[in-house]
Amino acid sequence: MKKSILMALAAVALSTQVSGQNVKTYAGKQYLGSGDYNSTPNNNLADELFSMPMGICVDNNNRLWVTDMHNVMILDGGTSRIRGGFLGDPTQPGAIGIDNGTGTVSRFNMPSGVCVNKNTNDVYIVDTDNALIRKGTQFVNVSNGTVFSTIAGNYSFTGDHKDGLVADAYFSSPSDIEINSVGEMYICDFGNEVIRKISSGKVTTIAGKPKTSGDANGVGSNAMFYAPSGIFLEDDNNMLIADRNNKKIKRLNLKTNEVTTVISSGLNMPSDIVSANGKIYIADETCIKVFDGTTLKVYAGQASTVGYVDGQAKDARFGYLGLFTYRKADSAFFITDISNNVIRRLTFQDPPVVDFVANKTAVNVSQTVALTSTCSNNTISYAWSISPNTYTLQSNSKLTDKNIFVSFSAVGSYTITFVGANLSADKTQVVKSNYINVSSLSAAKPIVDFAADITNPMTTQTVRLVDLSDNLPTSWTWSITPNTYTLMNATTSASRNMDVKFNALGSYSVTLKATNTTGTDQRTKTNYIQVVLSANKDLPVKQVVFYPNPAKGVLNILGINSIVSATLQSLDGKSAPVSFEGNQINLSDVSAGIYFATVKDESGRVYQTKVVINP
């Protein structure tokens with residue numbers, strides 16, 4: 144009896160939507176079972192009715208090609224277009240066949256794996272139940288139909304194995320296809336338990352023992368697979384293989400034809416494999432798993448749990464998964480959810496990289512310390528803990544804020560723990576033991592310091608000015624020039640910490656004078672606050688801090704995910720050479736001096752401030 148690469152369908156839950164989600168239904172209207180269809184060739188993505196979508200790939204124009212029971216479709220912008228197959232009920236007579244031709248003249252029978260030749264933008268399909276390899280001409284526009292032809296194999300209901308000229312070759316339930324940089328094709332021949340190659344008009348078997356299942360590493364026919372279902376080219380020399388029924392991921396060296404095992408345990412029924420951003424991602428029955436070279440874990444969804452839930456990766460639920468692909472243009476995976484009859488989009492999200500810095504680590508009792516997050520990878524939630532608990536949060540700080548201000552009421556060493564989370568399923572924790580060391584007060588006058596939580600606010604934002612002075616001042620006097628500002632939250636110029644809203648664009652200088660029984664100290668930060676006008680007033684306000692300032696070596700831009708462009712201009716108008724990565728500017732090649740820094744983030748918003756760079 145012919146093998147099938149499709150799993151039985153299962154009952155699933157209703158969809159729910161949550162904010163901040165990185166798993167979404169990208170295309171298709173969810174339903175259970177199969178056989179639903181639209182009688183129109185072009186449909187909105189949300190209105191498309193797929194019937195057991197199985198294959199998916201990205202073309203040179205970032206369009207997605209999708210295969211379902213009897214159709215080949217292209218997802219073009221917000222529209223799903225049938226480019227080949229039967230336009231109608233896929234269960235009625237005449238819906239399946241091996242016909243070649245233009246558009247819906249062509250016929251297929253359970254096409255699955257699909258791949259684009261990057262040199263031509265033509266699409267290639269494994270027509271699984273027809274045991275054929277098919278070609279479709281590149282998508283030009285809606286009025287130019289895709290022309291389908293057979294490029295390898297002979298129709299066989301039961302399938303067979305035969306190498307040789309493409310016109311003489313036989314396949315058995317081929318499930319996936321990949322194409323290298325010179326146009327050579329690799330076929331995952333599911334029914335024959337082998338990997339095939341199409342090159343120079345010939346089909347050869349390069350790994351596995353035809354019509355023989357097993358589990359063995361080795362070269363060529365000494366290697367054995369058991370229902371291999373998905374393949375992925377890491378490069379022209381190496382291929383990953385989802386060896387489904389062996390519950391393993393294997394690697395095939397395409398120069399030597401040697402097969403080795405990459406992942407030997409922890410998988411249920413892997414159907415496909417994708418390598419992206421240095422890690423390996425696996426469609427494993429009802430979830431996506433990730434392997435970093437050492438550890439295998441669930442990345443999105445839940446193992447052995449079917450469902451239909453969009454949301455954060457850890458909360459999302461999938462039906463049974465087929466093949467999937469990665470689109471680098473928007474850092475997202477696109478996954479065929481067979482039993483829900485939809486295409487799911489999973490935004491790529493590494494776990495957060497979590498760290499923080501203190502403006503000072505050796506302080507006196509009651510002195511305020513600024514603890515500033517330096518997290519990356521789109522960290523969106525934060526949790527601080529401090530031990531021992533003899534501390535006070537200043538300036539309305541909360542332990543769930545990104546940055547906090549803390550004063551310590553007892554002598555000793557304090558350990559700071561900081562946990563960050565993003566839309567991935569992981570949280571990351573950093574612990575700095577005995578990080579803050581608190582001493583008893585000395586009989587000395589204050590040493591004044593202060594900081595603003597935002598140094599380039601808009602006129603709609605409230606800025607917290609926080610006293611960081613040493614030697615326990617007992618009174619404070621703030622002054623700001625010019626005087627176009629408003630004090631907020633019942634604070635006054637005599638408050639220890641002062642909340643301010645600036646009413647006009649431009650530069651503001653801030654002075655703090657602090658006094659205790661021993662004496663008085665004063666500090667002025669000239670042009671410290673740069674009030675800017677956002678070009679995107681409809682976007683949520685971001686708190687962005689250039690830190691530290693003065694700076695040396697590195698300038699952190701806190702409050703944005705990544706820098707798109709950055710410039711430093713000296714007071715005499717000359718530009719300084721800078722490089723940047725993530726949300727950090729490298730100052731190693733910049734001479735000491737005063738500069739105007741201009742930064743654009745990934746949303747197109749521009750932030751400016753004056754920075755002092757120390758030698």
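Residue numbers for the sequence shown follow the numbering used here, so the first one is 144 and each next one is one higher.
Note that beta-carbon positions come from the ideal geometry of N, C-alpha and C, so glycine has one too.
It should be emphasised that the depicted structure is a prediction, and the values quoted were computed from it without experimental measurement.
Please report the distance separating the alpha-carbon of F593 from that of T605. Taking the sequence shown and counting its residues from 1, the one referred to as residue 593 is at position 450. Taking the sequence shown and counting its residues from 1, the one referred to as residue 605 is at position 462. Cα-Cα distance, rounded: 16 Å.
C-beta contact flag for K167 and R387 at 8 Å: Taking the sequence shown and counting its residues from 1, one reaches residue 167 at position 24. Taking the sequence shown and counting its residues from 1, one reaches residue 387 at position 244. Going by C-beta atoms, K167 is not nearer than 8 Å to R387.
Please go through the same chain and pick out, in chain order, the residues whose beta-carbon is closer than 8 Å to the beta-carbon of L308, but skip the five residues on each side of it. For this step, residue 308 is matched to residue 165 along the sequence shown. Only G344, K345, V346 meet the Cβ criterion.
Please name the residue, chosen from K753, T280, I241, I239, that lies closest to I217 on a Cα-to-Cα basis. Translated into positions along the sequence shown, residue 217 becomes position 74. Of the listed residues, the one whose Cα sits closest to I217 is T280.
Strand pairing of A189, partner residues [DSSP]: The residue you call residue 189 lines up with position 46 of the sequence shown. A189 is not bridged to any residue.
Taking the alpha carbon of I406 as the point to measure from, which residue in K398, A385, V653, L397 has its own alpha carbon closest? In the sequence shown, counting from the first residue as 1, residue 406 sits at position 263. Per the Cα distances, A385.
Nearest-angstrom Cα separation, counted from M382 out to E327: Within the sequence shown, numbered from 1, the residue matching residue 327 stands at position 184. Within the sequence shown, numbered from 1, the residue matching residue 382 stands at position 239. Going from the Cα of E327 to the Cα of M382 covers about 13 Å.
Select from C518, S576, K541 the residue whose C-alpha is nearest the C-alpha of A564. Within the sequence shown, numbered from 1, the residue matching residue 564 stands at position 421. Here the closest residue by C-alpha is C518.
Which residues mark the beginning and the end of the beta strand (DSSP E) in which L207 is found? As a first step, residue 207 must be located in the sequence shown, where it is residue number 64. 207–210 is the extent of the beta strand (DSSP E) around L207.
Check this for me: beta carbons of S255 and S318, under 8 Å apart or not? Along the sequence shown, one-based indexing puts residue 255 at 112. Along the sequence shown, one-based indexing puts residue 318 at 175. Taking 8 Å as the Cβ cut-off, S255 and S318 qualify as a contacting pair.
Going by other Cβ atoms of all chains shown within 10 Å of its Cβ, with 16 needed for buried, is S636 buried or exposed? In the sequence shown, residue 636 corresponds to position 493, counting from 1. By the 10 Å Cβ count, S636 comes out exposed.
Separation of K644 from L682, as counted between CA atoms: In the sequence shown, residue 682 corresponds to position 539, counting from 1. In the sequence shown, residue 644 corresponds to position 501, counting from 1. In this prediction, L682 scores a pLDDT of 32, lower than 50, which makes its location untrustworthy; no coordinate-derived value is stated.
For P758, which beta-bridge partners are listed by DSSP? Sequence index remark: in the sequence shown, residue 758 carries index 615 (1-based). For P758, which the question treats as bridged, DSSP gives no partner whatsoever.
Do A740 and A711 have their beta-carbon atoms positioned less than 8 Å apart in this structure? In the sequence shown, the residue the question calls residue 711 occupies position 568. In the sequence shown, the residue the question calls residue 740 occupies position 597. According to the sequence displayed, residue 711 carries Leu and not Ala. It is a contact, given that the beta carbons lie within the stated cut-off.
Backbone secondary structure at S474 - three-state DSSP: As a working note, residue 474 is residue 331 in the sequence shown. In the structure shown, S474 sits in coil (DSSP, three-state: anything other than H, G, I, E or B).
Have a look at Y369, V417, P371 and flag the residue whose alpha-carbon is nearest the alpha-carbon of D378. The residue given as residue 378 occupies position 235 in the sequence shown. The option with the nearest alpha carbon to D378 is V417.
Please state the DSSP three-state secondary structure of D681. As a working mapping, residue 681 is identified with position 538 in the sequence shown. With a pLDDT of 32 at D681, under the threshold of 50, the predicted position of this residue should be treated as unreliable, and no value is reported.
May I have the straight-line CA-CA distance separating P720 from E745, to the nearest angstrom? Residue numbering aside, residue 720 sits at position 577 when the sequence shown is read from its first letter. Residue numbering aside, residue 745 sits at position 602 when the sequence shown is read from its first letter. If I take the Cα positions, the gap works out to 21 Å.
Quick one, which of T660, I338, N204 has its alpha-carbon nearest N262's? By 1-based counting over the sequence shown, the position of residue 262 is 119. Comparing Cα-Cα distances from N262 to each of T660, I338, N204, the minimum goes to N204.
Can you tell me whether DSSP reads R250 as helix, strand or coil? As a first step, residue 250 must be located in the sequence shown, where it is residue number 107. Three-state result, R250: coil.
Inspect the beta-carbon positions of R607 and N646 and report whether they are closer than 8 Å. Against the sequence shown, residue 607 aligns to sequence position 464. Against the sequence shown, residue 646 aligns to sequence position 503. No, the pair does not count as a contact, with Cβ atoms beyond the cut-off.
For D453, count neighbouring C-beta atoms within 10 Å of its own C-beta (all shown protein chains included) and say buried if the count is 16 or more, exposed if not. Start at 1 with the first residue of the sequence shown, and residue 453 comes out as number 310. D453 is buried by the Cβ-count criterion.
List the whole-angstrom C-beta distance separating K753 from I737, where the pair is believed to meet the contact cut-off of C-beta under 8 Å. Position 610 of the sequence shown, counting from 1, holds the residue named residue 753. Position 594 of the sequence shown, counting from 1, holds the residue named residue 737. The distance from the Cβ of K753 to that of I737 is about 7 Å, consistent with a contact at the 8 Å cut-off.
Buried or exposed by the 16-neighbour rule on C-beta atoms within 10 Å, applied to Y750: Stepping through the sequence shown from its first residue, residue 750 is reached at position 607. Under this definition Y750 is a buried residue.
Tell me the residue span of the beta strand (DSSP E) that contains D642. Working through the sequence shown from its first residue, we reach residue 642 at position 499. Unbroken beta strand (DSSP E) run through D642: 641–645.
D427, DSSP secondary structure in three states: The count along the sequence shown starts at 1 and reaches residue 427 at position 284. The answer is strand: DSSP assigns D427 an E or B state.
From G220, M631, V215, residue whose alpha carbon lies closest to that of A238: One-based indexing of the sequence shown puts residue 238 at position 95. Here the closest residue by C-alpha is V215.
If I measure Cβ to Cβ from A151 and keep anything under 7 Å in the same chain, skipping five residues before and after, which residues do I get? For the purposes of this step, residue 151 is taken as residue 8 along the sequence shown, with counting starting at 1. Any reading at A151 must be qualified, since the residue scores a pLDDT of 31, below 50, and its modelled position is unreliable; the value itself is stated next. Excluding sequence positions up to five before and after A151, its CB lies less than 7 Å from no other CB in the same chain.
Who are the near neighbours of V573 in its chain, counting only those whose CB is closer than 6 Å to its CB and skipping five residues on each side? Your numbering for residue 573 matches position 430 in the sequence shown. If we look at V573 and ignore the five residues flanking it on each side, its Cβ neighbours are V497, D498, F561.
Which same chain residues, not among the five before or five after N699, have their C-beta less than 7 Å away from its C-beta? For the purposes of this step, residue 699 is identified with residue 556 of the sequence shown, where counting begins at 1. Closer than 7 Å at Cβ, skipping near neighbours: T517, Y690, N726, Q727.
Please classify S414: is it buried, with 16 or more other beta-carbons within 10 angstroms of its beta-carbon, or exposed? In the sequence shown, residue 414 corresponds to position 271, counting from 1. By the neighbour-count criterion, in which a residue is buried when 16 or more other Cβ atoms sit within 10 angstroms of its Cβ, S414 is buried.
Neighbourhood of L149 by C-beta distance below 6 Å, restricted to the same chain and skipping five residues each side: Within the sequence shown, numbered from 1, the residue matching residue 149 stands at position 6. With a pLDDT of 36 at L149, under the threshold of 50, the modelled position of this residue cannot be trusted, and the question is left open.
Do the CB positions of T598 and I672 come within less than 8 Å of each other? Counting from 1 along the sequence shown, the entry for residue 598 is found at position 455. Counting from 1 along the sequence shown, the entry for residue 672 is found at position 529. Yes; because the gap between Cβ atoms is below 8 Å, this pair is in contact.
Helix, strand or coil, according to DSSP, for F368 in the structure here? Position 225 of the sequence shown, counted from the first residue, corresponds to residue 368. If DSSP states are grouped into helix, strand and coil, F368 belongs with coil.
Please say whether V257 and G198 have beta carbons closer to each other than 8 Å? Within the sequence shown, residue 198 is the residue found at index 55, counting from 1. Within the sequence shown, residue 257 is the residue found at index 114, counting from 1. A contact, by the Cβ cut-off of 8 Å.
Whole-angstrom Cβ separation of K278 and D265, contact assumed at under 8 Å? Taking the sequence shown and counting its residues from 1, one reaches residue 278 at position 135. Taking the sequence shown and counting its residues from 1, one reaches residue 265 at position 122. At roughly 6 Å, the Cβ-Cβ gap stays under 8 Å, so K278 and D265 are in contact.
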